[in-house]
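See below for the structure under consideration.
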Amino acid sequence: PHCTGELCDIGNLCSILLKEKEKPKASAMDALAALASIQHEGGNCTELDWKKTLSYLSSTKAQAGGLRSWLWQTCTEFGFYQ
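Residue 11 in the working numbering sits at position 10 of the sequence shown; the count goes up by one each step and never skips.
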């Protein structure tokens, strides 16, 4: 499908990465960090603690955003993970 948002397709994502990489002394990691900042609108960092992630995903308590439901559905009903 056609989209017009800044981060709506792989071509736009690659363009952002390549643009960031062209900056003087920018590494691939700098480009990824800049993309992540855009994706998160400069907000909070993504949690990388494995135990906290497992705790969140194994909790039976309802969570805002529906991440657990989406992961379960894509893995079990659709047979793939995105």
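Ideal Cβ placement from N, Cα and C applies to all residues, glycine included.
Predicted model only: the values in this text are computed from it and were never measured.
Reduced DSSP secondary structure (H/G/I, E/B, other) of L14: Translated into the one-based positions of the sequence shown, residue 14 becomes position 13. Reduced to three states, the DSSP call for L14 is helix.
Span of the alpha helix (DSSP H) around Q64: The residue given as residue 64 occupies position 63 in the sequence shown. From DSSP, Q64 is part of no alpha helix (DSSP H); its letter is neither H nor E.
CB of L33 within 8 Å of CB of L14, strictly: What you label residue 33 is simply residue 32 of the sequence shown in a count that begins at 1. What you label residue 14 is simply residue 13 of the sequence shown in a count that begins at 1. No, the pair does not count as a contact, with Cβ atoms beyond the cut-off.
Rounded C-alpha distance that separates G67 from K52: One-based indexing of the sequence shown puts residue 67 at position 66. One-based indexing of the sequence shown puts residue 52 at position 51. G67 and K52: Cα-Cα distance of roughly 20 Å.
Whole-angstrom distance between E23 and H41, CA atom to CA atom: Position 40 of the sequence shown holds residue 41. Position 22 of the sequence shown holds residue 23. For H41 and E23, the distance between alpha carbons rounds to 22 Å.
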